[in-house]
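To get my numbering, take the position in the sequence shown, counting from 1, and add 41.
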Amino acid sequence: MLTPRQYRQMSKKKFLSLPENRWCCLCGARADTEDHFPPRDFFRDRVAPQGYRFPSCASCNRLKRLDEQAMSLIMHIQGHWGDLPTLREKLRAVFNNRRDVFDAIRPMKGVARKRYFRNKFGSTDVARQLGYTDMEIVEFGPPITKIFDSFCCWLGQTLYFHHNGEILHGEVFSSVLLRESFFAQEFQSLLDRLPGIADIRANSHSLHEQFFYRYNAMEGALFAIVQFGNPQFFFVIMAMSKEKTPTVSTGLESWSRSGLIGPEPRR
Ligand SMILES: [Zn+2]
42 MLTPRQYRQM SKKKFLSLPE NRWCCLCGAR ADTEDHFPPR DFFRDRVAPQ
92 GYRFPSCASC NRLKRLDEQA MSLIMHIQGH WGDLPTLREK LRAVFNNRRD
142 VFDAIRPMKG VARKRYFRNK FGSTDVARQL GYTDMEIVEF GPPITKIFDS
192 FCCWLGQTLY FHHNGEILHG EVFSSVLLRE SFFAQEFQSL LDRLPGIADI
242 RANSHSLHEQ FFYRYNAMEG ALFAIVQFGN PQFFFVIMAM SKEKTPTVST
292 GLESWSRSGL IGPEPRR
């Protein structure tokens, strides 16, 4: 039996040789690489949390790359981490590889920013009390919504695998909540139903201020609210096995739905 520490420090080859890591946790094909999720680029100095590595096939790994790059830029802007050279590097990468995404990110400045606070909160003062004024407010266009959907699906699949110890054969429902919802009654009662507190660390350092989630893992389902940095928004994730997926989706109309994902379970 391996200790958690030995498991974390294991080489890629050894990691992939374990029976539970034989198949890609996203598509079920033979896993031939390991994937860090959330990606290392999301973290300061690329120091990713331990235990968040997953068996993946080369094709899934490659498909995610450009979306992850774009996501990393969005996180960097709204979460206030990293330095200016890193930000420039990320901007350049997205400019070169995903021009549509680059054009869809609009940090709000000056008058537009004031107007946003006024419309959203009534006044800049209220926004300040809620901790909004010391952060970058970003407006997102449609290509980014699409990236959010894919990202939430990967979050659902990987967190399900992480906590439930099996590949998700089912669906991911997701929703992006703006920070102001945090103070709403519904949001608080949702949090109360998520007793699990993710232990996010690298060596002995907590990485909670960069990545954190509350969750509830049960047979065939994983619920989580995920945040990165000091967020403008939260990701609400429901990963459900085929058996648990509701046939009637009343109340889920405003949620994004991944559609059936994952392979038939393999042994
Ligand atoms: Zn795959």
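From the three backbone atoms N, C-alpha and C, an ideal C-beta is built for every residue, glycine too. Source: prediction; values computed, not measured.
- Fewer than three pairs of CB atoms, one per stretch, sit closer than 8 Å, so the region 242 to 262 makes no contact with the region 99 to 114.
- Short of 6 Å from the beta carbon of Asp82, and not among the five residues preceding or following it, lie these beta carbons of its own chain, in chain order: Ser113.
- Not a single heavy atom of ligand 1 lies less than 6 Å from the C-beta of Ala265.
- Between the alpha carbons of Ser230 and Lys55 lies a gap of roughly 42 Å.
- Taking all protein chains in view, the Cβ of Asp233 is surrounded by fewer than 16 other Cβ atoms within 10 Å, so the residue is classified as exposed.
- In the structure shown, the three-state DSSP call for Ser215 is strand.
- In the three-state scheme derived from DSSP, where H, G and I count as helix and E and B as strand, Asn205 is classed as helix.
- Proximity annotation: ligand 1 has residues Cys65, Leu67, Cys68, Ala70, Ser97, Cys98, Ser100, Cys101 in chain order, each selected because its CB is closer than 6 Å to a heavy atom of the ligand.
- Looking at Ile266, Ser52, Leu218, the one whose alpha-carbon comes closest to that of Leu235 is Ile266.
- The Cβ-Cβ distance between Leu196 and Ile118 does not fall below 7 Å.
- Under the three-pair Cβ rule at 8 Å, the region 214 to 228 counts as touching the region 284 to 304.
- For Met259, DSSP records a beta bridge to Ala262.
- Here Cys66 is near Ile208, since their CB atoms are less than 7 Å apart.
- In the DSSP assignment, Asp76 falls within the beta strand (DSSP E) that extends over 74 to 77.
- DSSP lists no bridge partner for Tyr93.
- The residue among Arg147, Lys155, Glu109 with its C-alpha nearest the C-alpha of Ala134 is Glu109.
- The alpha-carbon of Pro183 is positioned some 28 Å away from that of Arg169.
- Each residue's CA atom was taken as its position, placing Arg63 and Gln91 some 20 Å apart.
- Spanning the alpha carbons of Ala262 and Ala280 requires a straight line of approximately 6 Å.
- Ranked by Cα distance from Asn271, the options Asn257, Lys155, Ile115, Phe78 are led by Ile115.
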